[in-house]
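What follows is a single structure, written as structure tokens, with notes after it.
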Amino acid sequence: MAANDRGATDIAIVGFAQSQSVRDAAPSEVQLLVPVVADAITAAGIERSDIGFTCAGSCDYLTGGPFAFVSNLEAAGAWPPISESHVEADGAWAMYEAWMRLQEGDIDVALAFGSGKSSPSNPAEVWAQQLDPYYLAPLGVDPVSLAGIQAQALIDAGKATERDFATVVADSRRNAKSNPNAQLSGDYDVDALLAEPYYRRPLRKHDVPPISDAAVAVIMARGDKARELCERPAWIRGMDHRIEAHQPGLRDITSSASTTLAARKAGYDGGPLDVVELSSTFSPQEIILKNAIGLGAGVNVNPSGGPLAANPIMAVGLIRIVEAASRIIDGTANRALAHATSGPLLQQNLVCLLEGE
Amino acid sequence: MRTSHERGIAEVTITVESTIKFPYKRSLGPVIGPFMTALAEQRFIAIRSGSRVICPPLEWDPETAAELPRDFVDVGPAGTVCTWSWVSRPTEQHPLDRPFAFALIKLDGADTALTHVVDVESIDQMSTGMRVAPRWRAERLGHITDVEAFVPGEEAITVNGGVPGEPVTMMSYDASITYKIPVSDNTIKAHEATAQGRLVGLKCPVCERIYARDRGFCPIDTVELTDDHEVELPQRGVVTSYTIITPVQYPGQTETEPFSRVMVLIDEIDVVMMYQPLVDVPVEDVRIGMRVAVVWASEAEKADAGRPGNLVGWMPTGEPDNTDPSLANRIM
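Residue numbers (this note's numbering), protein chains in the order written: chain A, 1 to 357; chain G, 1001 to 1332.
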């Protein structure tokens, strides 16, 4: 049975907070989280003691601290003892677990957060370690090279051009001008972007996301509690995540079958969407994801600027959900779709469908 | 409902660099093992999965997760580039030290592509659909990098070829990541205090618990702690628990003889300092209730750049032991 058929429609986002994304934050990961979690709690109008379940998403490899995720929990104030969990994944998956937990029906409020500091290490070095240790990691395959392989495949398949990639970048940076938490923003001319040198042909540096540090937190509540806390809750109509084979050579990397399936299972029926936030880490992936979900030309994609404007790994997916939810809560949107991704070249994808009343 | 988080975030000024190494030894199993064995013999094998021939081979059908019969087929050695990306400035993690392409290569006879590198002199020689063949290393270990690179053409470049060796069952892979960890203002202040022979902490304004000087916040009340919260700590205390460590000579371990680490409950206040070294106490004499006082580095020791800090450890005061049995519960 699909997740959206089992009463899950009764859970909403009622408060959230995020930090700015910066290139090189001096505070530790937990220090980034402390004010963000506190602000999300304030935004939801609850006490910390109201939270029935907490779930965090982060990756210890980023800062190289053994059990760094245990320290992160201190931002939640884990005394007296609390009920909590952690996923070694983006905060969007932490939110998924907390949303599942709320469906048990015995608690009314849950906290989920995601945090990541990519600045202490070199992402090219760290993310080579998430790859298959037999066939891929020993080759030192870095995420940007993989993204270049995907971009070239997209061009060879006739599904996109380098101009399309540059257009995604120009749109992202223009949209990010109104996002105070973004790192890269401004007005860029597509022809000028295309005149830039290649970084990993066919990708240029601007097709690749910035290195970012940030944290994000979200408060969810059930039914009447959500209505009590929030004038216009962002109701979670469905959430689903799907995964594909790990090896890039085993799948069609010019499409994303797992995104298509996750969107359908989350309840997206092809109807109109006021806002879409996609974890399109590299510019060609926005084209792949739009096709996979079945989005038309007129859809407002990544009004926040998306990952090309700020890419705090382990928070970036949950930030997509928060950006979508914020527009429902403030009344500027009524139906929104948010996407998060994990693994090399969109291996795993999560889709969250949100609606106002 | 919505708070915009407007606090600015300070940028890093001082960092400490450290490299973490992961020296893995992996068993290869019944499918990857034969593939790696074939590499050592300058051959490629694939596995049948339904109507597809999968290379590199997997133990399970990627569509259904069903275990695959060990039905191996020879593929390659030449193949076709399906897609590629040009690395114009290779780094240390890359297999070649000159510009090259990462590529997905479909070996002849296979239905799926292998990820590897293509060595050509210039990007102008790269194209999707180009034909490539492996250039084998002279010294092969049964490792994916036994293929040094693929090169344009139909003919494999073989070296000392063709002699079947022992089956390859294990592989070594030394992963390494270098970190530049920011040093916080509180850590700098903690270090400065110890240089002055002072033991200081930070007191939470809400719960009044006292923490180590380098901590940035109270984890109970999630309140930020700054210079305003600094308090002077007594330099004497009592051992509440301990461990005797017998060093195993893993990479990076510099100790050779068993040594102790103790938990010290500081006098008058409710602070436990964890994993502290004891100075001049044989491991058989370490005990709960032992009264200890701080030992600071001498001027000569401070001048030794190899020393980690100014707090050398703790030394017995000679006072009678504290015999309170509940002490053992105070490990943090």
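All residues carry an ideal CB built from backbone N, CA and C; glycine is no exception. Note that this is a predicted model, so its numbers are computed, not measured.
{"Asked": "Please check if any C-beta of chain A sits within less than 8 Å of the C-beta of residue 1229 of chain G.", "Found": "no"}
{"Asked": "Taking C-alpha atoms, which residue in G:1075, G:1294, G:1249, G:1252 lies nearest to residue 1263 of chain G?", "Found": "G:1294"}
{"Asked": "Taking all protein chains shown into account, decide if residue 1207 of chain G is buried (16 or more other Cβ within 10 angstroms of its Cβ) or exposed.", "Found": "exposed"}
{"Asked": "Which runs of the beta strand (DSSP E), 3 residues or longer, sit entirely within the segment 1224–1280 of chain G?", "Found": "1230–1232, 1236–1245, 1259–1266, 1272–1277"}
{"Asked": "Taking Cβ-Cβ distances shorter than 7 Å, what residues in chain A pair up with residue 1102 of chain G?", "Found": "141, 145, 149"}
{"Asked": "Return yes when the Cβ of residue 1079 of chain G is within less than 8 Å of the Cβ of residue 1118 of chain G, no when it is not.", "Found": "no"}
{"Asked": "In the structure shown, what three-state DSSP assignment does residue 1053 of chain G receive?", "Found": "strand"}
{"Asked": "Could you check what DSSP says for residue 135 of chain A in three-state terms: helix, strand or coil?", "Found": "coil"}
{"Asked": "State the start and end residues of the unbroken beta strand (DSSP E) segment that holds residue 329 of chain A.", "Found": "That residue, residue 329 of chain A, is in no beta strand (DSSP E); its alpha helix (DSSP H) goes 316–329."}
{"Asked": "Quick check on the burial criterion: 16 or more other C-beta atoms within 10 angstroms. Buried or exposed for residue 1025 of chain G?", "Found": "exposed"}
{"Asked": "What first and last residue would you give for the beta strand (DSSP E) that runs through residue 1080 of chain G?", "Found": "1079–1087"}
{"Asked": "Give me, in chain order, the residues of the same chain whose beta-carbon lies closer than 7 Å to that of residue 4 of chain A; leave out the 5 immediate sequence neighbours on both sides.", "Found": "Summary for residue 4 of chain A: the model assigns pLDDT 42, below 50, so the residue's position carries little reliability, and this model does not support an answer."}
{"Asked": "Give the interface partners of residue 63 of chain A over in chain G, defined as CB-CB distance under 9 Å, in chain order.", "Found": "1179, 1181"}
{"Asked": "Does the structure place the segment 245–260 of chain A close enough to the segment 330–346 of chain A that three or more beta carbon pairs sit under 8 Å?", "Found": "yes"}
{"Asked": "Using a Cβ distance threshold of 8 Å, determine whether the segment 1219–1238 of chain G contacts the segment 24–39 of chain A, with at least three qualifying pairs required.", "Found": "yes"}
{"Asked": "With a threshold of 6 Å on Cβ separation, who are the neighbours of residue 145 of chain A within its own chain once the five nearest residues in sequence on each side are excluded?", "Found": "200"}
{"Asked": "Among the residues of its own chain, which have a CB less than 6 Å from the CB of residue 253 of chain A, if the five just before and after it don't count?", "Found": "150, 153, 345"}
{"Asked": "Shorter than 8 Å from the beta carbon of residue 89 of chain A to some beta carbon of chain G?", "Found": "no"}
{"Asked": "Quick one, are the C-beta atoms of residue 58 of chain A and residue 105 of chain A less than 8 Å apart?", "Found": "no"}
{"Asked": "Identify which residue in G:1265, G:1232, G:1127, G:1115 has its Cα closest to the Cα of residue 1054 of chain G.", "Found": "G:1115"}
{"Asked": "Excluding the 5 residues flanking residue 2 of chain A on each side, which residues of the same chain have their C-beta closer than 6 Å to its C-beta?", "Found": "Because residue 2 of chain A sits at a pLDDT of 42, beneath the cut-off of 50, its placement in the model cannot be relied upon, and the following sentence gives the value as read from the coordinates. So the qualifying residues of the chain are 265."}
{"Asked": "Counting only C-beta atoms, is residue 175 of chain A closer than 8 Å to chain G at any point?", "Found": "no"}
{"Asked": "Please compile the residues from chain A whose C-beta is within a distance smaller than 8 Å of the C-beta of residue 1011 of chain G.", "Found": "22, 23, 24, 25, 26"}
{"Asked": "Please state the DSSP three-state secondary structure of residue 356 of chain A.", "Found": "coil"}
{"Asked": "Can you tell me where the beta strand (DSSP E) holding residue 1174 of chain G begins and where it ends?", "Found": "1170–1182"}
{"Asked": "From residue 1048 of chain G to residue 1105 of chain G, what distance separates their C-alpha atoms?", "Found": "18 Å"}
{"Asked": "Flag this pair as yes or no: are the beta carbons of residue 1050 of chain G and residue 1075 of chain G separated by less than 8 Å?", "Found": "no"}
{"Asked": "Alpha carbon to alpha carbon, how far is residue 223 of chain A from residue 1063 of chain G?", "Found": "39 Å"}
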